[in-house]
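Following: one structure in structure tokens, then a few remarks.
Protein chains in written order, with this note's numbering: chain A, 31 to 534; chain B, 143 to 633.
Have a look at this one:
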């Protein structure tokens, strides 16, 4: 019920925020902040429940903190089936937290219809929470599409100069790949129904499917493409730089922080466990795509003169690690991928906020027009430095833990891939430091005084910093939280094809 | 009550309303009264149909033979579903067009008479079990529509549109008649049920006559359904006709013709001819591709919706073709019914917005894309309704369009029509582009400051349609249950 409560809070909060605009232009953002806080409070008791689960986490069924089922369209065996395990809980927590950060980060950036803006933010969050908790394939697809529209509107209405193109591209890529996934889902459901005599969209039931390897291979591709587009993995990444660059700050934060994670989550929760054998067949392809993403993203990031584009390409590079880690498919690499997802969400969100803050002050994103900003804005400089260093993978911060675990895990399975992927650590340092240099150091190009980060910005940034340090220094609580869920996902697939265990 | 009379109740009620309205107009010309009377008449008919629909399913008498009233008419769950759909959409058109017509001055009463006659034609078509009834319904529908398109006598475009529709529709009717004649030559009967029996039991039928007849019937009806490559008239007629008539053309006319065509194919089992299936396949592919591609370049909302309706009929053909496999037939019937329901709701809503926007424009309908720019800031509710309709056309969840598209894909997957599904995906991708472009235009900040006045009747009707669309999109279970039982009974 908690999951539903959270979604109801977010949906209602969105509507109230929209309506409140009629009375006062300042209310919507307070309503939005309040909604995120309430959703967070509703989520909190589950964290304690999760703690008690960890104590006895050997039985499969106990990995679910909450399972809720209600018939929806019985004709096709479609249920409203929400389930929350450690992994979902972590992702939902990240969603709500970054939602809060996004609202705070765009505090006085939005002038036209602030109410509708906050409505779209909150509905995106609600859709993403749905994606992270649905265990019925129809329900999952439903939320997968629902989260797109408000995000499209955020970019199309409040975006920058080239917003029409960017929002259209974003929508087309995700919607088309979504349709491919819909066909894959239906093929899975109907073919499984033909075998077992029961139509069902239930994730647990579909796990037991007995489709021939050929069929499941093709269906797996349908899922894979949809999730890799969202991730985004090479060669489906081209929507991301445009969408990020044109989106308003809050939307960039949500896009980078949580929407990209839905792709990785989909691979982890659905593609690999549903089709372990087929997934193993393409593991090398997927890992190669991941490595290409890592290196190619880093190279392009290095070449950018647009600050937001730079961060966007760095996202492609970082999400490449996630893809590699997932398809290496052992406990170490999966854990690394999940940590990388969280750490990347936090650090990139902060970088996009910085980029947004700079654009708000300078009215440009072109790094060639910047330089020496540290002089005027030391606090912003320090914050940016922190997150740039985090994103290049400095030990002691979250991203390092994620990347190193992915590399360790991958090395056991496929050493050449691991070696190639580790190049990303070097290229990451190159572009991150160059960017810092161009923007914050060097000659001061603008002499007028610029406002430094104030209390509001720092309240959003400091929790992000604390969390990243915490992840980097003591990630054990996160492992405790996610490992029952991950080992459950892992063991079901290993049980299905025993020889995959040999990869351990 | 006599069972036959009971089954004929919708037709009787509709005819009574038409006759009474004719007298009413003769004695007292009052637009409000005319509109109110027609609406109430339609509402009563709709309630009757709903009551009968529940009744019939409870009594399990939905099989084809039991429900025959005379050899001409069949009143089963399928007929009731489509009759209800026709009456519902004409009720919506009636309410939506009231302000539109009132703003256009005197002598608008006969429009409602024609609307009711067209509806009667639609209901007759969906209950036809015999080619005599089929032609009767087709002409009733067609002739009323010619007159309705040219209703604004002063408008140049509407006359042009009416003329185009008259000629092309006349030609297609002739082709249909020729096709029916050929079928008669092969079967020696005009009744669907008897044809079915002959088809099943008599192997000495002349397949050539049947093939040629079916092909002519199909191409004639494809004209009326505006399936590519028989779609040339659609954009011009859609654009030239007054918005309420365009709604009627897009919904009642197409829905009724599809219903009868599908019934004919199902009962006579025309699916056994490979050639016809190939033809249907080509029609579907061409409609989806051309409809979507041509919609891309349109700067008029009505033309865009015209092309999009061509594409949607193409999607519908996927389910039509999926009925080929005997195992998946029930699912295909269900899919087409649900898809058409979603398409009706969406089309009524979309053209309803155009109608409302055009209320005050005297000589032409407001349908240029730039006239919709910035609508979000001028009329947030109207723009939201239009966006919901466009998203529903694009098949995005929360709307009825999603359920419709879901069903199309389900029936396609079930019948393993993979190549058609790829076309559907490509078509939807192109479709998203122009739907979003329209939404994007509405979000623009522009200098257009013309105030759009949303009249009460039309406004509330639009709100109700939108609500229905969303409810059906989120909780379609009751409708699905009923329709799937209907489909089970058909096979």
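From the three backbone atoms N, C-alpha and C, an ideal C-beta is built for every residue, glycine too.
Assigned exposure category for residue 449/A - 16 Cβ within 10 Å defines buried
Translated into positions along the first chain, residue 449/A becomes position 419. Flag for residue 449/A reads exposed.
Short Cβ contact (8 Å threshold) for residue 607/B with residue 480/B:
As a position in the second chain, residue 607/B is number 465, starting the count at 1. As a position in the second chain, residue 480/B is number 338, starting the count at 1. No; because the gap between Cβ atoms is not below 8 Å, this pair is not in contact.
For residue 467/A, would you say it is in contact with chain B, using Cβ-to-Cβ distances shorter than 8 Å as the test?
Translated into positions along the first chain, residue 467/A becomes position 437. Residue 467/A does not count as touching chain B.
Are residue 123/A and residue 202/A closer than 8 Å when you measure CB to CB?
As a first step, residue 123/A is located in the first chain; it is residue number 93 there, counting from the start. As a first step, residue 202/A is located in the first chain; it is residue number 172 there, counting from the start. The answer is no: Cβ separation not under 8 Å.
What does residue 613/B reach in chain A if we use C-beta pairs closer than 9 Å?
Taking the second chain and counting its residues from 1, one reaches residue 613/B at position 471. Result: empty, since nearest Cβ-Cβ is about 14 Å, beyond 9 Å.
Among the residues of its own chain, which have a CB less than 6 Å from the CB of residue 230/A, if the five just before and after it don't count?
To locate residue 230/A, count along the first chain from 1; it is residue 200. Correct list, in chain order: 107.
Of all the alpha helix (DSSP H) runs that stay within the bounds of the segment 366-416 of chain B, which reach a length of 4 or more residues?
375-382, 385-390 and 396-410
Suppose the cutoff is 7 Å on Cβ atoms and the five residues either side in sequence are ignored; what does the same chain contact list for residue 324/A look like?
If you number the first chain from 1, residue 324/A lands on position 294. Excluding positions up to five away in sequence, the list reads 347, 350, 351, 451 and 454.
Limits of the unbroken beta strand (DSSP E) element including residue 251/A:
Within the first chain, numbered from 1, the residue matching residue 251/A stands at position 221. Run containing residue 251/A: none in the beta strand (DSSP E); it sits in the alpha helix (DSSP H), 243-260.
CB-CB under 7 Å to residue 403/B, same chain, minus the five flanking residues each way: which ones, in chain order?
Against the second chain, residue 403/B aligns to sequence position 261. Same-chain partners within the cutoff: 363.
If we count the other Cβ atoms within 10 Å of its Cβ and call it buried at 16 or more, is residue 165/B buried or exposed?
Counting from 1 along the second chain, the entry for residue 165/B is found at position 23. So residue 165/B ends up on the exposed side.
I want to see whether chain B comes within less than 8 Å of residue 210/A, judged by CB atoms only; does it?
Working through the first chain from its first residue, we reach residue 210/A at position 180. Interface residue, yes.
Compute the Euclidean distance between the alpha carbons of residue 284/A and residue 473/A, then round it to the nearest angstrom.
The sequence position of residue 284/A within the first chain is 254, counting from 1. The sequence position of residue 473/A within the first chain is 443, counting from 1. Approximately 33 Å, taken between the alpha carbons.
So residue 618/B contacts chain A; which residues on that side make the cut at Cβ distance below 8 Å?
The residue labelled residue 618/B in the question sits at position 476 within the second chain. Going along chain A in sequence order, the residues near residue 618/B (Cβ under 8 Å) are 103.
Buried versus exposed, by CB contacts within 10 Å (16 or more), residue 560/B
The sequence position of residue 560/B within the second chain is 418, counting from 1. With fewer than 16 Cβ atoms within 10 Å of its Cβ, residue 560/B is classed as exposed.
Would residue 141/A be called buried (16 or more neighbouring beta carbons within 10 Å of its own) or exposed?
Position 111 of the first chain holds residue 141/A. Exposed, because fewer than 16 other Cβ atoms sit within 10 Å of the Cβ of residue 141/A.
By Cβ distance below 6 Å, which residues in the same chain neighbour residue 195/B in space, the five residues on each side in sequence not counted?
Locating residue 195/B in the second chain gives position 53, where the first residue counts as 1. Around residue 195/B: 222.
Taking three-plus beta-carbon pairs below 8 Å as touching, is the segment 315-328 of chain B in contact with the segment 348-368 of chain B?
yes
Got a sec: is the Cβ-Cβ distance from residue 441/B to anything in chain A below 8 Å?
Looking up residue 441/B in the second chain gives position 299. For residue 441/B, the answer is no, since every Cβ of chain A falls outside 8 Å of its Cβ.
Start-to-end residues for the beta strand (DSSP E) that takes in residue 102/A
Counting from one through the first chain, the residue named residue 102/A turns up at place 72. Counting along the chain, the beta strand (DSSP E) containing residue 102/A begins and ends at 94-103.
Tell me whether the segment 365-379 of chain B and the segment 303-319 of chain B touch, counting them as touching only if at least three CB pairs, one residue from each stretch, are closer than 8 Å.
yes
From the beta carbon of residue 407/A, is the nearest beta carbon of chain B less than 8 Å away?
In the first chain, counting from the first residue as 1, residue 407/A sits at position 377. Closer than 8 Å: no.
Proximity of residue 237/A and residue 522/A at Cβ, strictly below 8 Å
Walking along the first chain from the start, residue 237/A turns up at place 207. Walking along the first chain from the start, residue 522/A turns up at place 492. Yes, they are a contact pair.
Just the chain A side, please: which residues come within less than 8 Å of residue 253/B by C-beta, in chain order?
Walking along the second chain from the start, residue 253/B turns up at place 111. By Cβ distance, chain A contributes nothing, its closest Cβ being about 37 Å from residue 253/B, past 8 Å.
Given a cut-off of 8 Å on the beta-carbon distance, is the pair residue 567/B and residue 209/A in contact?
Start at 1 with the first residue of the second chain, and residue 567/B comes out as number 425. Start at 1 with the first residue of the first chain, and residue 209/A comes out as number 179. Yes. Within cutoff.
How far does the beta strand (DSSP E) with residue 115/A in it reach, from first residue to last?
Translated into the one-based positions of the first chain, residue 115/A becomes position 85. Looking at the DSSP string, the run of the beta strand (DSSP E) that includes residue 115/A is 108-115.
Excluding the 5 residues flanking residue 76/A on each side, which residues of the same chain have their C-beta closer than 8 Å to its C-beta?
Mapped onto the first chain, residue 76/A falls at position 46. Excluding sequence neighbours, residue 76/A sits near 32, 95, 96, 114 and 119.
Looking only at C-alpha atoms, which of 470/B, 459/B, 466/B and 443/B sits nearest to residue 493/B?
Translated into the one-based positions of the second chain, residue 493/B becomes position 351. The option with the nearest alpha carbon to residue 493/B is 443/B.
Does any C-beta atom of chain B lie closer than 8 Å to the C-beta of residue 220/A?
On the first chain, position 190 is the one that residue 220/A refers to. Residue 220/A counts as touching chain B.
For residue 277/A, I'd like the list of residues in its chain whose CB is within less than 7 Å of its CB, leaving aside the five on either flank, ordered along the chain.
Your numbering for residue 277/A matches position 247 in the first chain. These residues qualify, in order along the chain: 184, 185, 189 and 285.
Are the beta-carbon atoms belonging to residue 274/B and residue 216/B less than 8 Å from one another?
Translated into positions along the second chain, residue 274/B becomes position 132. Translated into positions along the second chain, residue 216/B becomes position 74. Result no, Cβ atoms of residue 274/B and residue 216/B do not sit closer than 8 Å.
What are the boundary residues of the alpha helix (DSSP H) that includes residue 234/B?
Within the second chain, numbered from 1, the residue matching residue 234/B stands at position 92. Here the alpha helix (DSSP H) through residue 234/B covers 219-244.
Proximal residues of chain A, C-beta to C-beta of residue 585/B below 7 Å
The sequence position of residue 585/B within the second chain is 443, counting from 1. Here the neighbours are 186 and 187.
Would a check of beta-carbon distances place residue 569/B closer than 8 Å to chain A?
If you number the second chain from 1, residue 569/B lands on position 427. No, its Cβ sits nowhere closer than 8 Å to a Cβ of chain A.
Distance CB(residue 365/A)-CB(residue 146/A) smaller than 8 Å:
The sequence position of residue 365/A within the first chain is 335, counting from 1. The sequence position of residue 146/A within the first chain is 116, counting from 1. In this structure, residue 146/A does not lie closer than 8 Å to residue 365/A by Cβ.
Residue 314/A lies in the alpha helix (DSSP H); which residues open and close that run?
Looking up residue 314/A in the first chain gives position 284. Counting along the chain, the alpha helix (DSSP H) containing residue 314/A begins and ends at 313-333.
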